[in-house]
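Here is the structure we will look at, set down as structure tokens.
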Amino acid sequence: MRKWISDIIQGESADATSQAKDDITAIGQKNGYEPLHIFRYNSDYESDQAIASRVDGITAGVAHGDLVVYQYPSLVSPRFDTVFVTQMRARGVKIVLLIHDVEVLRGTNQGNSVDEIPYFNSVDVLIVHNPIMAEKLKELGVTTPMVSQYLLDYLDDDHDWHRFFTEPDQFTGDLFLSGNLFKSSFLTDWHEETPITVVGVADEGIMQGLRDNPKITYPGAYSRYDLINHLPRGFGLAWDSDSGMGQYGSYTRYNHPHKVSLYLSHGMPAIVWDQAAVAPFIEANHLGLTISSLDDLDVVLPSLTADTINDMLAHVNDMGVLLRDGYFTARALSAAEEKAFVGKIQYS
1 MRKWISDIIQ GESADATSQA KDDITAIGQK NGYEPLHIFR YNSDYESDQA IASRVDGITA
61 GVAHGDLVVY QYPSLVSPRF DTVFVTQMRA RGVKIVLLIH DVEVLRGTNQ GNSVDEIPYF
121 NSVDVLIVHN PIMAEKLKEL GVTTPMVSQY LLDYLDDDHD WHRFFTEPDQ FTGDLFLSGN
181 LFKSSFLTDW HEETPITVVG VADEGIMQGL RDNPKITYPG AYSRYDLINH LPRGFGLAWD
241 SDSGMGQYGS YTRYNHPHKV SLYLSHGMPA IVWDQAAVAP FIEANHLGLT ISSLDDLDVV
301 LPSLTADTIN DMLAHVNDMG VLLRDGYFTA RALSAAEEKA FVGKIQYS
């Protein structure tokens, strides 16, 4: 039996579109998986038969009884995702779907999207973000066994080790947010007394609004490598809506934002919405703060004691070691292999 993992190849971006997938492919290869290279392309004008032929070429080495971990969505097209899984099923391959996004939970499951519930039920195992996502998918009709990843890993072998850890005497308490700012247009109306530095891609209107706000520092967007060099030794904010509601805010009830892993892997405690799916993990492991509203920042941050901050930094520094080593993905892959082949191993 050989193990394979999809490798989505696309241009470098200043957001997390490709970063998480690239890291998972690298972690898979470190754990004995061979890559299946999939180039993002426009499949709108291809027939299903042409897509099937393309999939056959990509998976020429995959044989009956092998295991394929497919990163969903591939962002090629819903038809490509569907044909890929159909082809693997017909070939007698064990399929693990490693989920990055669930459109039906994000509220974007339109007519041209994969019909996700039957699609998820057509594979052997799902790797989902967390138990909250798993329970919601069960409510929606998913019966496939699921494994929780809990956090996305964040690989980084390119920076000096000083960029990975924050000592108490280095901690500034500065507030920082990195991400796709198309989802965070509310930031232009930032009215908190606590100043914030914001980086990421945005349109002209959002960029102008950020630069016009005296409480916001907006230097623009950085590549993945350069971003690390501009991270402060402070708090990382993971927030996609001013009220926690709306399309993106509600989605945080189920997903684990990539920016949380960016922060934790580089010595920054995270601040998240207390209704976010990642909030229980942050609280249980002393990795930052959970708040109900951005208005809480002006009250909570000044009231933090040195002991509380030191405790958070110690836990964040330790968790960062695991994130940079690919621990959570490797753990999920191992558990998915067990479920795919034997269900649950009985040791006594």
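At position 188 of the sequence shown the residue is numbered 188 (the UniProt record's numbering), and the sequence of numbers has no breaks. The beta carbon of each residue, even a glycine, is placed where N, CA and C say it ideally should be.
When we look at the beta-carbon of His162 and count the other beta-carbons within 10 Å, is it buried (16 or more) or exposed? Exposed.
Are the Cβ atoms of Leu98 and Tyr70 separated by less than 8 angstroms? Cβ distance < 8 angstroms, so Leu98 and Tyr70 count as in contact.
Measuring only the C-alpha atoms, how far is Ser47 from Ser74? Cα to Cα, Ser47 sits roughly 18 angstroms from Ser74.
Roughly how many angstroms separate the alpha carbons of Asp169 and Ala270, rounded to a whole number? When rounded, the distance between both Cα atoms is 18 angstroms.
Given that a residue counts as buried once 16 or more other Cβ atoms are within 10 Å of its Cβ, and exposed if not, what is Gly244? Unreliable positioning characterises Gly244 in this predicted model, as indicated by a pLDDT of 47, which lies under 50. A coordinate reading is not provided.
Could you please give the first and the last residue of the uninterrupted beta strand (DSSP E) stretch that includes Lys94? Annotation: the continuous beta strand (DSSP E) that includes Lys94 extends over 94 to 99.
Please specify which runs of the alpha helix (DSSP H), each continuous and at least 4 residues long, are wholly inside the UniProt domain "Glucosyltransferase 3-like C-terminal" (176 to 335), giving them in chain order. For the UniProt domain "Glucosyltransferase 3-like C-terminal" (176 to 335), the continuous alpha helix (DSSP H) assignments of 4+ residues that do not extend past its boundaries occur at 204 to 212, 224 to 229, 246 to 251, 258 to 264, 279 to 284, 297 to 303, 306 to 325, in sequence order.
Beta carbon of Asp153, beta carbon of Thr329: below 8 angstroms? Yes.
Out of curiosity, what's the CA-to-CA distance linking Lys344 and Met319? Annotation: Lys344 to Met319 spans about 28 angstroms, alpha carbon to alpha carbon.
Is the beta carbon of Thr166 less than 8 angstroms from the beta carbon of Leu322? Not in contact: Thr166 and Leu322 (Cβ atoms no closer than 8 angstroms).
Range covered by the beta strand (DSSP E) that runs through Leu36: Taken as a continuous stretch (DSSP letters only), the beta strand (DSSP E) holding Leu36 covers 33 to 39.
Where the alpha helix (DSSP H) containing residue 393 begins and where it ends: As displayed, the chain neither begins before 1 nor continues past 348, which places residue 393 out of reach and without an answer.
Where Gly61 falls, given that 16 or more other Cβ within 10 Å makes a residue buried: It counts as exposed.
Name the DSSP beta bridge partners of Ser6, please? DSSP output for Ser6 lists Leu36 as bridge partner(s).
List the DSSP bridge partners of Val55. Residue pairing by DSSP places Val55 opposite no residue, since no beta bridge is assigned to it.
By the three-class DSSP mapping on this structure, what secondary structure does Met133 have? Met133: helix per DSSP, three-state reduction.
Name the DSSP beta bridge partners of Tyr150, please? DSSP output for Tyr150 lists no bridge partner at all.
8 angstroms Cβ cutoff met for Asp156 and Ile228: A contact, by the Cβ cut-off of 8 angstroms.
Using a 10 Å radius around the Cβ and a threshold of 16 neighbouring Cβ atoms, would you call Met1 buried or exposed? The residue is exposed, with fewer than 16 neighbouring Cβ atoms inside 10 Å.
Cα-Cα separation between Lys136 and Thr290, rounded to whole angstroms: The alpha-carbon of Lys136 is positioned some 22 angstroms away from that of Thr290.
Selection from Gly220, Thr308, Glu192, Ile282 that minimises the alpha carbon distance to Asp203: Measuring from the Cα of Asp203, the nearest candidate turns out to be Gly220.
Would you call the region 282 to 301 and the region 176 to 185 in contact, with 3 or more CB pairs under 8 angstroms? They do not touch, by the three-pair rule.
So, at 6 angstroms on beta carbons, what are the nonlocal neighbours of Pro195 in its own chain, with the 5 sequence-adjacent residues on each side left out? Correct list, in chain order: Lys215.
Would Ser185 count as contacting chain C if we go by Cβ distances under 8 angstroms? Absence of chain C from the displayed structure is noted, only one protein chain being present.
Cα-Cα separation between residue 355 and Leu264, rounded to whole angstroms: The displayed coordinates of the chain run from 1 to 348. Any statement about residue 355 would go beyond what the structure contains.
Could you pull the DSSP bridge partners for Gly67 from this structure? Reading off the sequence, residue 67 comes out as Leu, not Gly. According to DSSP, Leu67 bridges with Lys3, Lys94.
Near Arg40, which residues of its chain fall below 8 angstroms by C-beta distance, leaving aside the five closest residues on each side in sequence? Contacts found: Ile8, Ile9, Gln10, Ser74, Leu75, Val76.
Rank Thr143, Met133, Asn130 by C-alpha distance to the C-alpha of Pro118 and give the top, closest one. The option with the nearest alpha carbon to Pro118 is Thr143.
What is the rounded straight-line gap between the Cα of Trp190 and the Cα of Gln208? Distance between the alpha carbons of Trp190 and Gln208: 13 angstroms.
Bridge partners for Val128 per DSSP, in chain order? Paired residues: Ser148.
Which first and last residues belong to the alpha helix (DSSP H) in which Leu105 is found? Counting along the chain, the alpha helix (DSSP H) containing Leu105 begins and ends at 103 to 106.
What do you get for Val102, buried or exposed, if any count of 16 or more other CB atoms within 10 angstroms of its CB means buried? With 16 or more other CB atoms across the displayed protein chains lying within 10 angstroms of its CB, Val102 is buried.
Nearest CA to the CA of Thr308: which residue from Phe171, Asn31, Val147? That would be Phe171, whose Cα lies nearest to the Cα of Thr308.
Of all the options Asp240, Thr197, Asp160, Pro131, which has the alpha carbon lying nearest to the alpha carbon of Pro232? Looking only at Asp240, Thr197, Asp160, Pro131, the smallest Cα-Cα distance to Pro232 is reached by Thr197.
8 angstroms CB neighbourhood of Thr82 in its chain, flanking five on each side removed: These residues qualify, in order along the chain: Val114, Tyr119.
What residues match up with Tyr72 in a beta bridge as DSSP calls it? Bridge partners of Tyr72: Ile99.
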